[in-house]
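Mapped onto UniProt numbering, the consecutive letters of the sequence shown carry residue numbers 1 to 260.
In what follows, a single structure is set out as structure tokens and then discussed.
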Amino acid sequence: MNLSPIPTDQLTFRLPQKFDDVADERRHRQERLVAALRLFGRFGFEEGVAGHITARDPEHPDHFWVNPFGMSFKHIKVSDLILVNHEGQVVHGKYHVNQAAFAIHSMVHQARPDAVAAAHSHSVYGKALSSLGALLEPLTQDACAFYEDHALFDDYTGVVVETEEGRRIATALGSHKAVILRNHGLLTVGDSVDAAAWWFITMERSCQAQLLAKAAGPTVHIDHDQAKLTHGQIGNDLVGWINFQPLYDQITRTETDMFD
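As structure tokens, then:
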């Protein structure tokens, strides 16, 4: 056996794909969107009909693909996705759109042209932390991905069905990757479906870790300088994309009906 070091340029390392054909890019985003939705179902992020992930269409950036209203995350296929325009009208597909999905996500996508995708659901630990009106604290390495990079929408006015409320949420989000909606849940964005979904998954887990740690006793914060350094290491969308890949592999190998 030859034990000479293998040159790094001969080792495999995945990076986000680049597309010359808009149809190929659209299909890619659709497949990633369905995989993210299936993962949300697997992780128990469903709460009845609540929850949605959107992906901006690469050809028509004021339109976005989204899961249909009233369909389980665990069952969604590419053929089930609907395309919604800037007025909340379905222009492709056969199902209704969740009005809350339109009210929130349309304003987020409008305010953040860099955000290809946005994810929101009523996950248990996100809801629990949101009820405290608190932000994530730098208690763990993973939580540092959100250090000074998430916000609190410190209001609650019922189910979001008006775009004006979505606009206020987008304002609270600002340039950050995530916002905690008080008494409601979490919302994350990314420059890919992969990144937006990963930020939601790891944010939910960071909420869980914070709630557990603070219930157990006094906590120790990572200091400001180290939290900032760690954010710089793990808090960008490329790292979010990379972290999503093992989950994408997992769900596509075990749920082979997604891309029908």
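Note that CB positions come from ideal geometry on N, CA and C, so glycine has one too.
Across the structure, R32 and A117 are spaced so that their CA atoms are roughly 10 Å apart. Put simply, of W65, H184, Q233, V189 the residue whose alpha carbon is nearest the alpha carbon of H176 is V189.
Between D237 and D191, the gap from beta carbon to beta carbon is short of 8 Å.
Judged by DSSP secondary structure, S192 falls outside any alpha helix (DSSP H); it is assigned neither H nor E. DSSP places L15 in the coil class of the three-state scheme, outside both helix and strand. Shortest Cα-Cα distance from V159 to any of N67, H231, V49 involves V49. Scanning H105, L152, R182, A209 for the CA closest to the CA of E164 turns up H105. Here S121 carries a strand assignment [DSSP, helix/strand/coil]. Within the same chain, A143, Q210, T219, H221 come within 8 Å of E137 by CB-CB distance, once the 5 residues on both sides are set aside.
Under a 10 Å Cβ-count criterion, M107 is classified as buried, with 16 or more other Cβ atoms of the shown protein chains found around its own Cβ. In the DSSP assignment, I234 falls within the unbroken alpha helix (DSSP H) covering 224-234.
If you compare the alpha carbons of G93, E87, G126, S131 with that of Q110, the shortest gap goes to E87.
Burial of L173 is indicated by the presence of at least 16 other C-beta atoms within 10 angstroms of its C-beta. Counting only runs of 3 or more residues that sit fully inside the stretch 71-156, the beta strand (DSSP E) segments are 82-84, 90-92, 117-121, 150-153, in chain order. Minimum Cα-Cα distance from A36 among the listed residues V84, Q208, A101, F73 corresponds to F73. Rounded to whole angstroms, the gap between the alpha carbons of E162 and F102 is 9 Å.
Taking the Cβ atoms as the reference, S121 lies roughly 16 Å from R182, outside the contact range of under 8 Å.
In this structure N243 is buried. Its beta-carbon is surrounded by 16 or more other beta-carbon atoms within 10 angstroms. Scanning its chain for C-beta atoms nearer than 6 Å, with the 5 sequence neighbours on each side dropped, one finds around H184 the residues S130, in chain order.
Excluding its 5 nearest sequence neighbours in each direction, T140 has C-beta neighbours in its own chain below 7 Å: S206, A209, listed in chain order.
Here H224 is exposed: its Cβ has fewer than 16 other Cβ atoms, across all protein chains shown, within 10 Å. Residue burial annotation: K94 is exposed, with fewer than 16 other C-beta atoms found within 10 angstroms of its C-beta.
Here G240 is buried, its C-beta having at least 16 other C-beta atoms within 10 Å. Apart from the 5 residues on each side of it in sequence, W199 sits with its Cβ closer than 7 Å to the Cβ of K177, A178, T188, G190, G240 in its chain, given in chain order. A Cβ-Cβ separation of about 13 Å leaves L83 out of contact with H96 under the 8 Å criterion.
Distance from the Cα of H231 is smallest, within the candidate group L132, F146, G217, for F146.
Check the Cα spacing between G44 and each of P113, Q226, K127: the tightest is with K127.
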